[in-house]
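Residue numbers (UniProt numbering): 1 to 693.
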């Protein structure tokens, strides 16, 4: 018997998962993402007629569209079950158009998690396609097309081919370049600190830090100031304990993840790139085969969300789990409501496990290593968010002598609460510091002073996590756009990753300077954030999408016309390489390419000889023993190490060889870098050396 109902989703993995839940009366197939879009070969927006988009079927999707139409004719009813956000609504709308469905029919189903109950319940209450959601997505697509297809050709003409600009990527690039300028302009200032150690009787020494003189906080700008303080202190005399303040402090758990906070925490804790995090989260959401009767199950809720809201059902299940696994003292009694930041789309919940009882340990055999690491992070953060706060006893002590004041602070975790399960990367350095029992009127002996010179440090370059945080805090783009944005500015070689931090390239600075000069609104954070607010207003029906685009485009079009005349042709000068071409003998030069700089013959295009710019690391190739190990760049601009004799020798390593072999199995040793420092390890064995800071 053939199915009576057809369900269309985006991906085969999602189709496979939900078909099992719906039974034989439903056939589930995938559209493989979008089926219609604006053409790549032209603007595709009719500016003269209310910015009407000219959609076409996506090249290569012909067979998919034919299959969708063929299957739709066989059934009584078609359901559109794309993801529950603007993008999913737009996909459903495009599919509806191609299949000739009435967009007002109640054929749209949405679910926030791919579990049996959630999927079945969604089919009990189908709705019509939300046209406001579609308009909001369409407006974003049109705005991005107007910007990209207006500025990018200018950059091709005036700078070099293959460049691009966009609303979000241009702001991201400017943030990175502005930070680099701050670093370059930074002037370090000297300051000093005085750490000290004290003892009460024969007890253990405890640390304290100089605070001030004569009751006032005192800065120590130089060594003279330090010596003045030390001259006021008589080491032969005790210090008086003049104040002891004890407090009980509660540390509350972080809320469950939103898209942005997941991207940030996965980058900090797991060293995952933003795109990798979203790819793994998609896999966990769409379903993993658990084997046996369970089959394929979606393990987390929808991973594109701005909300930290959690359903009452999930809260009840998690409370029951915490009572059973940790005890009543660890289960939060007061319900904490998830916060919704300004401008957030509260279409669904926070990112959480679809069932708390599917613990990471229970899934160890079915998840890949990276899937497990991300699921562990999501699961732990969510369960911890429903636990009681940690209780910390703190004590602050003031020590006086000769007008000098030192202060000591101690803490002791009285009750672990949620920290027994999860500590965020921001709080991981908080450790107990015990002080001896002290009371006002006690006297303690100064046993050691340790003055130290310091210099103020410039702001750090953006890591991927910090860049995502900056974009979100400034209301630029949406979390779902951050991964492709970051990938684009790297692909265009506007920025490069150095020690996991973004560093602008010469090309990036040229492009940014042009956009800042001729398109100031595009890189104005407040202006861009306001555009995002207008898109949200379209979604809620509070703004007309044509008017929103018109208000943006009319002044922008004037800037484009001005830039056409004002931007002069920029010649990216070739640098002399210092050696001659080994084919024709002409001088070689250093050129700027899509993936960075490379050597090329100065007689190009008559001579097309090119060479990669490589850096020897002073290590002989461990495979052939003849070539030198050199540092190279992949197409994704990731550093790897290979033999200088390639292709005759195909040695390759992602980690830097150190030129020594493992004393256990003879394999070459490599450097592994982490937050703690550099460690020499054997890739194939259990040999490792001490971490070097």
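Just so it is clear, CB atoms sit at the ideal spot from N, CA and C, and this is done for glycine as well.
Between residue 681 and residue 687, the C-beta spacing is below 8 Å. Considering only 432, 441, 672, 86, the residue with the shortest C-alpha distance to residue 271 is 672. For residue 194, the enclosing beta strand (DSSP E) has its first and last residue at 190-199.
In the three-state reduction of the DSSP assignment, residue 423 falls in the coil class, being assigned neither a helical nor a strand state.
In this model, residue 98 and residue 375 are separated by some 37 Å (Cα to Cα). Annotated three-state conformation of residue 292 is coil, per DSSP. Distances from the CA of residue 367 to each of 386, 280, 158 were compared; the closest alpha carbon is that of 280. The beta carbon of residue 82 sits closer than 6 Å to the beta carbons of 10, 88, 91, 92 from its chain, once the five residues preceding and following it are set aside; these are given in chain order. The shortest C-alpha to C-alpha distance from residue 654 to any of 504, 39, 633, 645 is the one to 633. The DSSP-derived three-state label of residue 30 is strand. In the three-state scheme derived from DSSP, where H, G and I count as helix and E and B as strand, residue 411 is classed as strand.
Residue 505 sits buried, since 16 or more C-beta atoms from the chains shown fall within 10 Å of its C-beta.
Per DSSP, the beta bridge partners of residue 79 are 7.
For a cut-off of 8 Å, the C-beta gap from residue 56 to residue 39 is around 5 Å, short enough to register as a contact. One thing to note: residue 230 has its Cβ within 8 Å of the Cβ of residue 449.
Contact between the region 568-582 and the region 596-603 is established, with three or more Cβ pairs separated by less than 8 Å. Residue 531 is positioned such that its CB atom lies no closer than 8 Å to that of residue 523. When DSSP assignments are scanned along the region 490-560, the uninterrupted stretches of alpha helix (DSSP H) that are 4 or more residues long and fall wholly within it turn out to be 506-518, 525-540. Straight across, the Cα-Cα distance linking residue 143 with residue 513 is about 22 Å. With a contact defined as Cβ atoms closer than 8 Å, residue 475 and residue 529 qualify at about 3 Å. In the three-state DSSP reduction, residue 185 falls in the helix class (H, G or I). The DSSP-derived three-state label of residue 51 is coil. One alpha carbon belongs to residue 256, the other to residue 268, and they sit about 16 Å apart. Distance check between residue 324 and each of 468, 306, 357 places 357 closest, using alpha-carbon atoms only. With a cut-off of 8 Å on Cβ pairs, the region 116-136 is not in contact with the region 315-334, counting fewer than three such pairs. With 16 or more neighbouring CB atoms inside 10 Å of its own CB, residue 14 falls in the buried class. For residue 369, the enclosing alpha helix (DSSP H) has its first and last residue at 369-385.
Beta-bridge analysis with DSSP links residue 127 to 108.
Here residue 405 carries a strand assignment [DSSP, helix/strand/coil]. Secondary structure at residue 590: strand, using DSSP grouped into helix, strand and coil. Taking a cut-off of 8 Å for Cβ pairs, the region 282-297 and the region 450-460 do not touch, as fewer than three such pairs fall below it.
Secondary structure note for residue 611: its beta strand (DSSP E) is the uninterrupted segment 610-612. Residue burial annotation: residue 466 is buried, with at least 16 other C-beta atoms found within 10 angstroms of its C-beta.
The alpha carbon of residue 114 has as its nearest neighbour, out of 300, 165, 27, 171, the alpha carbon of 300.
At a cut-off of 3 residues, the continuous stretches assigned as beta strand (DSSP E) that sit fully inside the region 624-676 are 628-633, 639-643, 656-661, 668-674.
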